[in-house]
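To start, the structure under review is shown below, and the notes come after it.
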Amino acid sequence: MRKASLTALAVTVLLLVGTGLASLLCRRPQPVRERIKPASIRGVLEIYPVTDTSKALLTGYHYHLLKRFAADNGQQVDIHLAPRGSSYLDSLRTGAIDILVVPHADSLALDSVLVSLPVDSLSRWLMREDDPEGMRELNDWIEAWHASDEYDSVRESFLRRLNAFRSGTRAQISPYDSLIRIHADSLGWDWHLLAAVIYQESRFHIEVRSRRGAAGLMQMMPRTAAKYGVTDPLDPEMNIAAGARLLGNLIKRYYDVGDNMTERYKYALAAYNAGIGRIDDCINLARHLGVDPSCWDNIVSHVLPLMGDETVMQTGAVKLGPFKGKETSYYVKSTFNVYGQFCRICP
(Lines of atoms letter the chains of each structure in order from A and count residues from 1; the text may use other names and numbers.)
(Lines give C-alpha, C1' and ligand atoms only; values in the text may rest on other atoms or scores of the structure.)
Protein backbone atom coordinates (compact mmCIF):
# COMPACT_ATOMS: atom_id res chain seq x y z
CA MET A 1 0.00 0.00 0.00
CA ARG A 2 2.77 2.37 0.94
CA LYS A 3 4.79 1.35 -2.12
CA ALA A 4 1.79 1.95 -4.42
CA SER A 5 1.23 5.42 -2.95
CA LEU A 6 4.86 6.37 -3.50
CA THR A 7 4.70 5.14 -7.06
CA ALA A 8 1.56 7.18 -7.75
CA LEU A 9 3.14 10.29 -6.22
CA ALA A 10 6.24 9.88 -8.36
CA VAL A 11 4.16 9.55 -11.51
CA THR A 12 2.20 12.69 -10.61
CA VAL A 13 5.39 14.69 -10.07
CA LEU A 14 6.83 13.49 -13.36
CA LEU A 15 3.64 14.45 -15.17
CA LEU A 16 3.66 17.95 -13.65
CA VAL A 17 7.32 18.49 -14.46
CA GLY A 18 6.85 17.22 -17.98
CA THR A 19 3.84 19.43 -18.54
CA GLY A 20 5.76 22.46 -17.28
CA LEU A 21 8.74 21.73 -19.50
CA ALA A 22 6.51 21.22 -22.51
CA SER A 23 4.79 24.49 -21.80
CA LEU A 24 8.11 26.30 -21.56
CA LEU A 25 9.39 24.69 -24.75
CA CYS A 26 6.24 25.52 -26.71
CA ARG A 27 5.90 29.09 -25.44
CA ARG A 28 7.04 31.63 -28.02
CA PRO A 29 9.56 34.21 -26.82
CA GLN A 30 7.90 37.57 -26.20
CA PRO A 31 9.56 40.45 -28.05
CA VAL A 32 10.81 43.37 -26.01
CA ARG A 33 8.43 46.26 -26.45
CA GLU A 34 10.14 49.24 -28.02
CA ARG A 35 9.01 52.84 -28.07
CA ILE A 36 7.29 53.56 -31.37
CA LYS A 37 8.98 56.62 -32.81
CA PRO A 38 6.47 59.01 -34.41
CA ALA A 39 7.05 59.92 -38.06
CA SER A 40 6.78 63.60 -37.22
CA ILE A 41 7.60 65.72 -34.19
CA ARG A 42 5.21 68.50 -33.19
CA GLY A 43 7.19 71.31 -31.63
CA VAL A 44 6.25 74.71 -30.22
CA LEU A 45 8.68 77.53 -29.49
CA GLU A 46 7.43 79.45 -26.48
CA ILE A 47 10.29 81.94 -26.81
CA TYR A 48 8.72 85.26 -27.55
CA PRO A 49 9.88 87.70 -30.22
CA VAL A 50 12.49 90.07 -28.88
CA THR A 51 11.95 93.81 -28.69
CA ASP A 52 15.64 94.55 -29.25
CA THR A 53 16.43 92.88 -32.57
CA SER A 54 20.16 93.37 -32.13
CA LYS A 55 20.08 90.57 -29.54
CA ALA A 56 20.73 86.88 -30.03
CA LEU A 57 18.75 84.94 -32.63
CA LEU A 58 17.39 82.58 -29.98
CA THR A 59 14.20 81.56 -31.77
CA GLY A 60 16.12 80.87 -34.96
CA TYR A 61 18.66 78.82 -33.01
CA HIS A 62 16.04 76.52 -31.50
CA TYR A 63 14.19 76.26 -34.81
CA HIS A 64 17.47 75.12 -36.37
CA LEU A 65 18.14 72.62 -33.57
CA LEU A 66 14.62 71.14 -33.65
CA LYS A 67 14.98 70.63 -37.40
CA ARG A 68 18.37 69.04 -36.88
CA PHE A 69 17.21 66.78 -34.03
CA ALA A 70 14.33 65.51 -36.16
CA ALA A 71 16.55 64.93 -39.20
CA ASP A 72 19.15 63.07 -37.16
CA ASN A 73 16.37 60.79 -35.90
CA GLY A 74 14.84 60.21 -39.32
CA GLN A 75 11.74 62.26 -38.52
CA GLN A 76 9.87 65.23 -39.92
CA VAL A 77 9.08 68.18 -37.68
CA ASP A 78 6.25 70.70 -37.57
CA ILE A 79 7.27 73.83 -35.64
CA HIS A 80 5.05 76.67 -34.48
CA LEU A 81 5.71 79.87 -32.56
CA ALA A 82 3.50 80.33 -29.50
CA PRO A 83 1.66 83.66 -29.47
CA ARG A 84 2.88 86.02 -26.78
CA GLY A 85 1.14 85.44 -23.45
CA SER A 86 -0.02 81.93 -24.32
CA SER A 87 1.05 78.65 -22.73
CA TYR A 88 1.24 75.28 -24.43
CA LEU A 89 1.94 73.26 -21.27
CA ASP A 90 -1.51 71.68 -21.29
CA SER A 91 -1.06 70.81 -24.97
CA LEU A 92 2.20 69.08 -24.06
CA ARG A 93 0.70 67.19 -21.13
CA THR A 94 -2.25 65.95 -23.19
CA GLY A 95 -0.04 64.84 -26.07
CA ALA A 96 -1.19 67.45 -28.58
CA ILE A 97 2.47 68.44 -29.04
CA ASP A 98 5.70 66.53 -28.44
CA ILE A 99 8.33 69.15 -27.53
CA LEU A 100 7.92 72.57 -25.96
CA VAL A 101 10.83 75.02 -25.87
CA VAL A 102 10.62 77.52 -23.02
CA PRO A 103 12.89 80.08 -21.34
CA HIS A 104 15.08 78.52 -18.66
CA ALA A 105 13.36 80.44 -15.84
CA ASP A 106 9.96 79.06 -16.89
CA SER A 107 11.21 75.47 -16.58
CA LEU A 108 12.25 75.64 -12.92
CA ALA A 109 8.88 75.11 -11.21
CA LEU A 110 7.03 72.79 -13.56
CA ASP A 111 5.43 69.47 -12.71
CA SER A 112 4.10 66.62 -14.85
CA VAL A 113 6.72 67.28 -17.53
CA LEU A 114 10.28 66.18 -18.22
CA VAL A 115 12.97 68.85 -18.58
CA SER A 116 15.91 68.29 -20.92
CA LEU A 117 19.57 68.89 -20.31
CA PRO A 118 20.50 72.52 -21.00
CA VAL A 119 20.47 73.23 -24.73
CA ASP A 120 21.92 76.65 -23.95
CA SER A 121 21.98 78.84 -20.84
CA LEU A 122 18.70 80.52 -21.75
CA SER A 123 16.25 77.76 -22.67
CA ARG A 124 15.04 74.22 -21.97
CA TRP A 125 13.13 71.63 -23.98
CA LEU A 126 10.17 69.93 -22.30
CA MET A 127 8.54 66.57 -23.01
CA ARG A 128 5.64 64.63 -21.51
CA GLU A 129 6.16 62.91 -18.18
CA ASP A 130 5.11 59.56 -19.69
CA ASP A 131 7.86 59.64 -22.34
CA PRO A 132 11.10 59.02 -20.42
CA GLU A 133 12.59 57.06 -23.32
CA GLY A 134 11.97 59.98 -25.64
CA MET A 135 13.68 62.29 -23.16
CA ARG A 136 16.66 59.91 -22.95
CA GLU A 137 16.96 60.04 -26.74
CA LEU A 138 16.75 63.83 -26.65
CA ASN A 139 19.36 64.17 -23.90
CA ASP A 140 21.69 61.79 -25.74
CA TRP A 141 21.31 63.96 -28.83
CA ILE A 142 21.97 67.18 -26.86
CA GLU A 143 25.16 65.70 -25.40
CA ALA A 144 26.29 64.61 -28.87
CA TRP A 145 25.49 68.05 -30.27
CA HIS A 146 27.51 69.80 -27.57
CA ALA A 147 30.47 67.52 -28.37
CA SER A 148 30.25 68.00 -32.15
CA ASP A 149 32.73 69.97 -34.24
CA GLU A 150 29.98 72.34 -35.41
CA TYR A 151 28.59 73.26 -32.00
CA ASP A 152 30.74 76.30 -31.25
CA SER A 153 30.47 77.89 -34.70
CA VAL A 154 26.71 77.35 -35.07
CA ARG A 155 26.01 78.56 -31.54
CA GLU A 156 28.18 81.63 -32.09
CA SER A 157 26.47 82.49 -35.37
CA PHE A 158 23.04 82.55 -33.71
CA LEU A 159 23.74 83.83 -30.22
CA ARG A 160 26.27 86.62 -30.70
CA ARG A 161 25.08 90.22 -30.84
CA LEU A 162 24.87 91.49 -34.41
CA ASN A 163 26.11 94.98 -35.21
CA ALA A 164 26.25 95.75 -38.91
CA PHE A 165 28.39 98.81 -38.28
CA ARG A 166 31.07 97.24 -36.10
CA SER A 167 34.70 97.74 -36.98
CA GLY A 168 36.94 94.94 -38.20
CA THR A 169 36.09 92.00 -40.42
CA ARG A 170 34.40 88.66 -39.91
CA ALA A 171 33.93 85.41 -41.78
CA GLN A 172 30.15 85.43 -41.50
CA ILE A 173 27.33 87.96 -41.45
CA SER A 174 24.47 85.71 -40.32
CA PRO A 175 23.62 82.03 -39.72
CA TYR A 176 21.88 82.09 -43.10
CA ASP A 177 24.80 83.18 -45.29
CA SER A 178 24.90 79.93 -47.28
CA LEU A 179 21.19 80.22 -48.13
CA ILE A 180 21.56 83.90 -48.98
CA ARG A 181 24.46 83.16 -51.34
CA ILE A 182 22.49 80.46 -53.16
CA HIS A 183 19.45 82.67 -53.75
CA ALA A 184 21.48 85.79 -54.53
CA ASP A 185 23.26 83.78 -57.23
CA SER A 186 19.88 82.83 -58.69
CA LEU A 187 19.14 86.57 -59.00
CA GLY A 188 22.55 87.52 -60.28
CA TRP A 189 22.91 89.75 -57.20
CA ASP A 190 25.84 90.35 -54.92
CA TRP A 191 24.88 88.26 -51.88
CA HIS A 192 25.78 91.16 -49.57
CA LEU A 193 22.85 93.15 -51.01
CA LEU A 194 20.33 90.37 -50.36
CA ALA A 195 21.76 90.04 -46.84
CA ALA A 196 21.28 93.79 -46.38
CA VAL A 197 17.61 93.47 -47.38
CA ILE A 198 17.08 90.72 -44.80
CA TYR A 199 18.91 92.78 -42.16
CA GLN A 200 16.64 95.75 -42.88
CA GLU A 201 13.51 93.61 -42.78
CA SER A 202 14.10 91.43 -39.72
CA ARG A 203 17.66 91.74 -38.39
CA PHE A 204 17.81 87.99 -39.20
CA HIS A 205 15.08 87.15 -36.63
CA ILE A 206 12.76 84.49 -38.08
CA GLU A 207 10.06 85.25 -35.50
CA VAL A 208 9.52 88.93 -36.31
CA ARG A 209 5.97 89.82 -37.34
CA SER A 210 4.81 93.32 -38.21
CA ARG A 211 1.54 94.89 -37.12
CA ARG A 212 0.30 94.44 -40.68
CA GLY A 213 1.09 90.72 -40.63
CA ALA A 214 4.37 90.60 -42.57
CA ALA A 215 6.38 87.65 -41.27
CA GLY A 216 9.71 85.88 -41.43
CA LEU A 217 13.22 86.86 -42.40
CA MET A 218 12.06 88.82 -45.46
CA GLN A 219 8.83 90.11 -43.88
CA MET A 220 6.51 89.00 -46.64
CA MET A 221 2.81 89.75 -46.39
CA PRO A 222 0.62 86.62 -46.11
CA ARG A 223 -0.96 86.87 -49.58
CA THR A 224 2.37 87.53 -51.27
CA ALA A 225 4.06 84.76 -49.30
CA ALA A 226 1.34 82.30 -50.30
CA LYS A 227 1.70 83.35 -53.95
CA TYR A 228 5.40 82.47 -53.78
CA GLY A 229 4.83 79.12 -52.09
CA VAL A 230 5.57 79.95 -48.45
CA THR A 231 3.74 77.52 -46.17
CA ASP A 232 5.91 78.09 -43.08
CA PRO A 233 6.90 81.76 -42.53
CA LEU A 234 9.44 80.65 -39.89
CA ASP A 235 11.36 78.51 -42.37
CA PRO A 236 14.49 80.47 -43.38
CA GLU A 237 15.05 78.73 -46.71
CA MET A 238 11.43 79.04 -47.77
CA ASN A 239 11.28 82.71 -46.77
CA ILE A 240 14.56 83.70 -48.43
CA ALA A 241 13.72 81.78 -51.62
CA ALA A 242 10.34 83.50 -51.91
CA GLY A 243 11.72 86.96 -51.14
CA ALA A 244 14.49 86.50 -53.71
CA ARG A 245 11.98 85.49 -56.38
CA LEU A 246 9.88 88.55 -55.59
CA LEU A 247 12.92 90.84 -55.84
CA GLY A 248 13.86 89.20 -59.13
CA ASN A 249 10.41 89.96 -60.53
CA LEU A 250 10.65 93.56 -59.32
CA ILE A 251 13.99 93.98 -61.10
CA LYS A 252 12.34 92.77 -64.31
CA ARG A 253 9.43 95.15 -63.83
CA TYR A 254 11.63 98.23 -63.45
CA TYR A 255 14.44 97.15 -65.77
CA ASP A 256 13.48 99.68 -68.46
CA VAL A 257 12.96 102.47 -65.92
CA GLY A 258 16.36 102.57 -64.26
CA ASP A 259 19.23 103.41 -66.59
CA ASN A 260 21.71 101.09 -64.80
CA MET A 261 21.63 98.16 -62.38
CA THR A 262 22.08 100.32 -59.29
CA GLU A 263 18.97 102.33 -60.18
CA ARG A 264 17.05 99.12 -60.92
CA TYR A 265 18.06 97.77 -57.52
CA LYS A 266 16.77 100.95 -55.90
CA TYR A 267 13.42 100.71 -57.67
CA ALA A 268 13.11 97.04 -56.73
CA LEU A 269 13.85 97.85 -53.09
CA ALA A 270 11.39 100.75 -53.10
CA ALA A 271 8.64 98.51 -54.50
CA TYR A 272 9.52 95.74 -52.03
CA ASN A 273 8.96 98.25 -49.24
CA ALA A 274 5.99 100.26 -50.49
CA GLY A 275 4.38 98.02 -53.08
CA ILE A 276 4.31 98.11 -56.87
CA GLY A 277 1.27 100.38 -57.09
CA ARG A 278 2.87 103.16 -55.06
CA ILE A 279 6.11 103.13 -57.05
CA ASP A 280 4.21 103.02 -60.36
CA ASP A 281 2.31 106.12 -59.19
CA CYS A 282 5.60 107.88 -58.45
CA ILE A 283 6.96 107.05 -61.91
CA ASN A 284 3.74 108.19 -63.62
CA LEU A 285 3.75 111.46 -61.70
CA ALA A 286 7.41 112.03 -62.56
CA ARG A 287 6.65 111.65 -66.25
CA HIS A 288 3.62 113.92 -65.92
CA LEU A 289 5.85 116.58 -64.35
CA GLY A 290 8.66 116.12 -66.86
CA VAL A 291 11.00 114.61 -64.25
CA ASP A 292 13.41 111.94 -65.51
CA PRO A 293 12.51 108.72 -63.60
CA SER A 294 15.61 106.81 -64.72
CA CYS A 295 17.34 107.99 -61.54
CA TRP A 296 15.70 107.08 -58.21
CA ASP A 297 17.15 110.19 -56.57
CA ASN A 298 15.03 112.31 -58.94
CA ILE A 299 11.95 110.60 -57.52
CA VAL A 300 13.17 111.28 -53.98
CA SER A 301 13.96 114.95 -54.65
CA HIS A 302 11.17 116.03 -56.99
CA VAL A 303 8.28 113.57 -56.72
CA LEU A 304 7.98 112.20 -53.19
CA PRO A 305 7.59 115.68 -51.62
CA LEU A 306 4.48 116.15 -53.80
CA MET A 307 3.04 112.65 -53.37
CA GLY A 308 1.82 113.34 -49.86
CA ASP A 309 -0.53 116.11 -51.01
CA GLU A 310 -4.17 115.43 -51.86
CA THR A 311 -3.83 117.56 -54.99
CA VAL A 312 -1.81 114.84 -56.74
CA MET A 313 -5.09 113.13 -57.53
CA GLN A 314 -6.01 116.04 -59.79
CA THR A 315 -3.10 115.25 -62.11
CA GLY A 316 -4.66 112.00 -63.29
CA ALA A 317 -1.25 110.33 -62.97
CA VAL A 318 -1.82 108.85 -59.51
CA LYS A 319 -4.21 105.95 -58.90
CA LEU A 320 -3.73 104.97 -55.25
CA GLY A 321 -3.96 108.37 -53.62
CA PRO A 322 -1.44 110.38 -51.61
CA PHE A 323 1.70 108.59 -50.51
CA LYS A 324 4.08 109.69 -47.78
CA GLY A 325 7.23 108.18 -49.17
CA LYS A 326 9.69 109.27 -46.50
CA GLU A 327 9.89 105.75 -45.03
CA THR A 328 10.49 104.21 -48.45
CA SER A 329 13.19 106.75 -49.29
CA TYR A 330 14.91 105.98 -46.00
CA TYR A 331 14.54 102.23 -46.57
CA VAL A 332 16.34 102.33 -49.92
CA LYS A 333 19.11 104.58 -48.63
CA SER A 334 19.59 102.59 -45.43
CA THR A 335 19.67 99.25 -47.27
CA PHE A 336 22.45 100.50 -49.52
CA ASN A 337 24.35 101.79 -46.49
CA VAL A 338 24.11 98.35 -44.85
CA TYR A 339 25.12 96.75 -48.15
CA GLY A 340 28.30 98.81 -48.18
CA GLN A 341 29.04 97.86 -44.58
CA PHE A 342 28.50 94.16 -45.26
CA CYS A 343 30.89 94.31 -48.22
CA ARG A 344 33.49 95.88 -45.92
CA ILE A 345 33.17 93.66 -42.84
CA CYS A 346 32.71 90.36 -44.70
CA PRO A 347 34.60 90.64 -48.02
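Using the numbering used here, the first residue of the sequence shown is number 60, and each one after it goes up by one.
Glycine included, every Cβ here is placed at the ideal spot set by N, Cα and C.
The segment 124 to 139 in contact with the segment 237 to 256 per 3-pair CB rule at 8 Å: no
Inter-residue Cα distance where the pair is Y398 and A254: 8 Å
Assigned exposure category for S388 - 16 Cβ within 10 Å defines buried: buried
Beta-bridge pairing of W184 - partner residues as DSSP gives them: V160.
Element boundaries [beta strand (DSSP E), containing L306]: Taken as a continuous stretch (DSSP letters only), L306 belongs to no beta strand (DSSP E), being part of the alpha helix (DSSP H) at 295 to 312.
Candidates W184, A376, Y210: closest to I158 by CA position: W184
CB of I100 within 7 Å of CB of A129, strictly: yes
Whole-angstrom distance between M194 and E188, CA atom to CA atom: 9 Å
Cα-Cα separation, N343 to Y331: 18 Å
With 16 other Cβ atoms within 10 Å as the buried cut-off, status of K325: buried
Through-space distance from Y210 to D179, alpha-carbon basis: 11 Å
Expected contact under 8 Å - CB spacing of A345 and F217 to nearest Å: No, A345 and F217 are not in contact; Cβ-Cβ is about 44 Å, not under 8 Å.
Neighbour-count burial assignment, L348, 16 or more Cβ in a 10 Å radius: exposed
Other residues of its chain near N298: CB distance less than 6 Å, five sequence neighbours each side excluded: G275, L276, M277
CA-to-CA distance, M372 to W248, given in whole angstroms: For W248 and M372, the gap between their C-alpha atoms comes out near 36 Å.
Contact set for P234: own chain, Cβ-Cβ below 6 Å, skip 5 residues either direction: S216, F217
Sequence-distant residues of its chain with Cβ nearer than 6 Å to A333 (five each side left out): T387
Sequence-distant residues of its chain with Cβ nearer than 7 Å to Y258 (five each side left out): A223, V397
Distance CB(R337)-CB(F395) smaller than 7 Å: no
Those residues which DSSP pairs with Q135 across a bridge: S99
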